[in-house]
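To start, the structure itself, in structure tokens.
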């Protein structure tokens, strides 16, 4: 029995060795062929280039976020939380409508309701957030802008959590869940309650948010 | 006769060795920036290192950028070296290879017709969507490069096919006439024409922002 086991182990070992041995035959390379093994006989120039390529590849991979990060696809209204290339959370979102609103009394100035693109960081994590309505929210509804700041506060419309990523933009909840998957917001990113809680749990202050 | 404990040790060693051999190539592959690179072709490796040197500069900043890979026939939207989105290229043609090096900053992109909100009208106003994006457009860059994005007509849609082909020929005719009377041959223009599906052309138009950097990985078959 012992000899049989030993023979099996030896055969496995030899098979692995043969299968992984470097191929020193010249490789006919065509544009459609994918060849990863370097040819041993090639000159130092190619070897230096290969080494440089591998070093640069490694440097580029080191720039990738090592912690979980948030990815937002504004065209398809999707939010993902990814960690080391794997999707940890996949949510339907609502992002900026791309519409414009003229600023009253200023012919040259307007608000553009886009979700900003690029890389951002989670700057704040709030629970039970209250929306402080900006000027455009009143103007859009055809109302006058209140002078009293207290009249701007609207609790309960942003869900249980909000993650701020700068310049007044937040990832937050919504009362209008039927509009998820559509470009309807003023630039913020809306999620349903379950996904919002998931993102809030996974993200920390400093978590990267990449929006495209 | 080998004692039983020695046999077990040897088998454990073989198992560890087997695991090591099986997992090592996948580590290396993860680190490679271009999995489709032919490492035996010096021109391909040189081009890949040139692109990587440029990409490292872009990936070090908190901005998204575009990598047009003419070897892998793919447009990648990237940030920090991470691929955010990709779109396949159906076909491409290029005016001058040399002028495709470096990173190119987008200075002009297609106009998007935005809807204006009428105060007090609420939900009646339609938001912008991907289908509002243009599919046939030119992108101009600070380096002088122009990228013509040409949509591929949907199968069976003859009218669309004729319209797209007509536009492409009109563009080529305009380019050709602009070189008449100059010493420069038309092929020396820094111009790249890429054909993608209508959806991907619209998706690219959506993803681009002013000042965005674009890198091009050239094919070794040039």
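Protein chains in written order, with this note's numbering: chain A, 892 to 1103; chain B, 2 to 223.
Even for Gly, the Cβ is constructed at its ideal location relative to N, Cα and C.
Helix, strand or coil at residue i according to DSSP, with G and I counted as helix
i	result
residue 1090 (chain A)	helix
residue 112 (chain B)	coil
residue 1051 (chain A)	coil
residue 46 (chain B)	helix
residue 40 (chain B)	coil
residue 98 (chain B)	coil
residue 927 (chain A)	Summary for residue 927 (chain A): the model assigns pLDDT 41, below 50, so the residue's position carries little reliability; its value from the coordinates is reported in the next sentence. The answer is coil: DSSP assigns residue 927 (chain A) none of H, G, I, E or B.
residue 230 (chain B)	No answer is possible for residue 230 (chain B): the residues shown for chain B start at 2 and end at 223.
residue 87 (chain B)	strand
residue 1026 (chain A)	helix
residue 996 (chain A)	coil
residue 106 (chain B)	strand
residue 964 (chain A)	strand
residue 128 (chain B)	coil
residue 1101 (chain A)	strand
residue 163 (chain B)	helix
residue 64 (chain B)	coil
residue 218 (chain B)	strand
residue 956 (chain A)	coil
residue 9 (chain B)	helix
Straight-line Cα distance separating residue j from residue i
i	j	result
residue 206 (chain B)	residue 993 (chain A)	25 Å
residue 178 (chain B)	residue 943 (chain A)	44 Å
residue 973 (chain A)	residue 1090 (chain A)	11 Å
residue 1103 (chain A)	residue 80 (chain B)	9 Å
residue 1073 (chain A)	residue 965 (chain A)	9 Å
residue 118 (chain B)	residue 1025 (chain A)	16 Å
residue 155 (chain B)	residue 1030 (chain A)	43 Å
residue 158 (chain B)	residue 95 (chain B)	27 Å
residue 1006 (chain A)	residue 1039 (chain A)	28 Å
residue 73 (chain B)	residue 7 (chain B)	51 Å
residue 1044 (chain A)	residue 987 (chain A)	22 Å
residue 54 (chain B)	residue 75 (chain B)	19 Å
residue 967 (chain A)	residue 13 (chain B)	50 Å
residue 128 (chain B)	residue 991 (chain A)	10 Å
residue 948 (chain A)	residue 97 (chain B)	27 Å
residue 1075 (chain A)	residue 989 (chain A)	8 Å
residue 1092 (chain A)	residue 1060 (chain A)	19 Å
residue 1034 (chain A)	residue 995 (chain A)	12 Å
residue 195 (chain B)	residue 1047 (chain A)	48 Å
residue 1086 (chain A)	residue 1068 (chain A)	12 Å
residue 226 (chain B)	residue 144 (chain B)	Nothing can be reported for residue 226 (chain B): it is not among the residues displayed for chain B, which extend from 2 to 223.
residue 1065 (chain A)	residue 997 (chain A)	31 Å
residue 932 (chain A)	residue 946 (chain A)	Here residue 932 (chain A) scores only 45 on pLDDT, less than 50, and its place in the model is too uncertain to base an answer on.
residue 840 (chain A)	residue 38 (chain B)	Since the displayed chain A opens at 892 and closes at 1103, residue 840 (chain A) lies outside it and no answer follows.
residue 116 (chain B)	residue 1088 (chain A)	33 Å
residue 172 (chain B)	residue 165 (chain B)	11 Å
Own chain residues within Cβ distance below 7 Å of residue i, not counting five before or after
i	result
residue 52 (chain B)	216, 218
residue 138 (chain B)	111, 150, 206
residue 162 (chain B)	154
residue 134 (chain B)	113, 203, 206, 207
residue 224 (chain B)	There is simply no residue 224 (chain B) to check, as chain B begins at 2 and stops at 223 in what is shown.
residue 1057 (chain A)	1011, 1014
Residues near residue i in its chain [Cβ-Cβ closer than 8 Å; skip 5 each side]
i	result
residue 209 (chain B)	67, 107, 110, 140
residue 960 (chain A)	972, 973, 974, 1098, 1099, 1100, 1101
residue 956 (chain A)	1099
residue 211 (chain B)	107, 108, 110
Proximal residues to residue i (C-beta, below 6 Å), its chain only, five neighbours per side dropped
i	result
residue 1082 (chain A)	982, 984
residue 146 (chain B)	105, 191
residue 35 (chain B)	49
Assess contact between the stretch 103 to 119 of chain B and the stretch 209 to 218 of chain B, defined as three or more Cβ pairs (one per stretch) separated by less than 8 Å. Is contact present? yes
Taking Cβ-Cβ distances below 8 Å as the criterion, which residues of the stretch 1065 to 1089 of chain A are in contact with chain B? So the close ones are 1073, 1074, 1075.
When the Cβ atoms of the stretch 1006 to 1017 of chain A are set against those of the stretch 1086 to 1097 of chain A, are three or more pairs found closer than 8 Å? yes
Any C-beta of chain A within less than 8 Å: which residues of the stretch 79 to 108 of chain B qualify? Residues of the stretch 79 to 108 of chain B whose Cβ lies closer than 8 Å to any Cβ of chain A, in chain order: 80, 81, 82, 83, 85, 86.
Using a Cβ-Cβ cutoff of 7 Å, what residues of the stretch 50 to 65 of chain B are near chain A? List them in chain order. 50, 53, 54, 56, 57, 60, 61, 63, 64, 65
Using a Cβ-Cβ cutoff of 7 Å, what residues of the stretch 115 to 137 of chain B are near chain A? List them in chain order. 115, 116, 117, 118, 120, 121, 126, 128, 129, 130, 131
Quick check: the stretch 970 to 988 of chain A against the stretch 57 to 76 of chain B, are there 3 or more CB pairs under 8 Å? At 8 Å Cβ cutoff, the stretches do not touch.
Mind listing which residues of the stretch 1036 to 1070 of chain A have their C-beta closer than 8 Å to chain B's C-betas, in chain order? none
Near-chain B residues of the stretch 948 to 962 of chain A (beta-carbon distance less than 9 Å), N- to C-terminal order: 948, 949, 950, 951, 952, 953, 954, 955, 956, 960, 962
Under 9 Å (Cβ pairs) to chain B, residues found in the stretch 985 to 1004 of chain A: 987, 988, 989, 990, 991, 992, 993, 995, 1001, 1002, 1003, 1004
What are the residues in the stretch 189 to 217 of chain B lying within 7 Å of chain A by C-beta distance? 204, 207, 208, 210
With 8 Å as the C-beta to C-beta threshold (strictly closer), list the residues of the stretch 140 to 160 of chain B near chain A in chain order. None of the residues of the stretch 140 to 160 of chain B has a beta carbon lying less than 8 Å from any beta carbon of chain A.
Chain A contacts made by the stretch 32 to 48 of chain B, where a contact means CB separation under 7 Å: 32, 33, 34, 37, 39, 40, 41, 42, 43, 46, 47
Could you name the residues of the stretch 1012 to 1035 of chain A whose beta carbon sits closer than 7 Å to any beta carbon of chain B, in the order they occur along the chain? 1030, 1031, 1032, 1033
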